[in-house]
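Q:
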Amino acid sequence: MKIILSGCTGLVGREVLNQCIANSSITSIVALTRDAVIADNPKVKVAFINDFLEYPEGVIQDIHGAESCIWSLGNARMPENAQTAHKESVEYTRTAAAACRQAAAGKRFRFVYLSGGLVGRDPTKTLWLSRLYRQIRADGEDVLRYAESDTFESYIVRPDIVFTGLAGDESKNVTPTVRVDVLAKAMINAAIHGHVKRVFDDEGIKQLSNGV
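Position one of the sequence shown corresponds to residue 1 (the numbering used here), numbered consecutively onward.
Listed below in structure tokens is the structure:
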């Protein structure tokens, strides 16, 4: 399988990249980035993009034939500039979905989107400070829902707090958490195998990582 990755320099994206390299089902990885991705592996092709609103012809050629994308690009928290947040969460996602559909050339394509745990909650029951962030993230999810077709599938993961190592296990009784390796495995499983469900919260992410 040929897969497209974004956000490979971040916590989640870096773990996704490492697991994709180790996964025998994945034979080719195209990492979209503005900066160099440290990955000394023949599977990995680094495709440089200065502006995620415009994909150069060379990048379009690099991603041609891909069967899935794991989109980990964006901010874990609300940036100071709401316009920047909207561009990164909504406009970048819309452009990526269009490029992926072009890359698939009419074949089935799976797009796995890293969202956030607050998105699926009742806005009347959470802090008002997160309302704008949740709306922007929800708009990003809607972009993918509107792009759905017989050949384009979208999967949305909504982790709350993401931890490395065993820290998540230590904090599981305090607040909803998921380990980064579990999250990455779940996203890769969705990218490779698909699923009857399309949206996954913390518990769903853990089940998906186990192939449930």
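Cβ coordinates follow ideal geometry from the N, Cα and C atoms, glycine included.
#1: Please check the pair I205 and V182, which I expect to be a contact at CB under 8 Å, by giving their CB distance rounded to whole angstroms.
#2: I believe A191 touches Q19 by the beta-carbon criterion, under 8 Å. Please report the beta-carbon distance rounded to the nearest angstrom.
#3: From the DSSP output, in three-state form, read off C8 for me.
#4: I'd like the list of long-range same chain contacts for K197, defined as Cβ closer than 7 Å, with 5 residues on each side in sequence excluded.
#5: With a CB to CB cut of under 7 Å and the five nearest residues on each side skipped, what residues in its chain are close to L208?
#6: Got a sec, what are the start and stop residues for the beta strand (DSSP E) R179 sits in?
#7: Under a Cβ-count criterion, where at least 16 other Cβ atoms within 10 Å of its own Cβ denotes burial, should T93 be classed as buried or exposed?
#8: Indicate the three-state DSSP secondary structure (helix, strand or coil) for I3 in the structure shown.
#9: What residues match up with L32 in a beta bridge as DSSP calls it?
#10: Scan the segment 53 to 123 and note each continuous beta strand (DSSP E) run of 3 residues or more that stays entirely inside, going in chain order.
#11: By how many angstroms is the C-alpha of T27 removed from the C-alpha of M1?
#12: Hey, out of I70, C8, N50 and F109, whose CA is closest to S115's CA?
#13: Quick one: grab the DSSP three-state call for E153.
#14: In terms of residues, what are the limits of the alpha helix (DSSP H) holding I243?
#15: Which residues in the same chain as K43 place their Cβ atom closer than 8 Å to its Cβ, once the five residues preceding and following it in sequence are excluded?
#16: Just curious, the alpha helix (DSSP H) that R131 is in, first and last residue?
#17: Excluding sequence positions up to five away, which residues of its chain have a Cβ less than 7 Å from the Cβ of P123?
#18: Using the C-alpha atoms, what's the distance from F163 back to V178?
A: On the basis of the supplied data:
#1: Sure, about 7 Å apart at Cβ, within 8 Å.
#2: Here A191 is actually not in contact with Q19; their C-beta atoms are around 11 Å apart, not less than 8 Å.
#3: Of the three classes helix, strand and coil, the one that applies to C8 here is coil, per DSSP.
#4: Sequence-distant Cβ neighbours of K197 in its own chain, meaning closer than 7 Å and more than five residues away, are G204.
#5: Hits under 7 Å: A186, N189, A190, H195 and F200.
#6: Unbroken beta strand (DSSP E) run through R179: T177 to R179.
#7: Buried, by the Cβ-count rule.
#8: Of the three classes helix, strand and coil, the one that applies to I3 here is strand, per DSSP.
#9: Residue pairing of L32 in beta bridges, as defined by DSSP: S6 and A47.
#10: For the segment 53 to 123, whole beta strand (DSSP E) runs of length 3 or above, ordered along the chain, are 68 to 71 and 109 to 114.
#11: Rounded to the nearest angstrom, the gap between the Cα atoms of M1 and T27 is 5 Å.
#12: Ranking the options by Cα distance to S115, first place goes to I70.
#13: Three-state result, E153: strand.
#14: With the chain represented from 1 up to 212, any question about residue 243 goes unanswered, as that position is not in the structure.
#15: Excluding residues within five positions, the ones whose Cβ falls inside 8 Å are C20, I21, I26, T27, S28 and I29.
#16: Looking at the DSSP string, the run of the alpha helix (DSSP H) that includes R131 is R131 to A147.
#17: Only weak support is given to the placement of P123: the predicted model assigns it a pLDDT of 48, under 50, and the value that follows is read from those uncertain coordinates. Within the same chain, P123 has close Cβ partners R131 and R134.
#18: Here the C-alpha atom of V178 lies approximately 6 Å from the C-alpha atom of F163.
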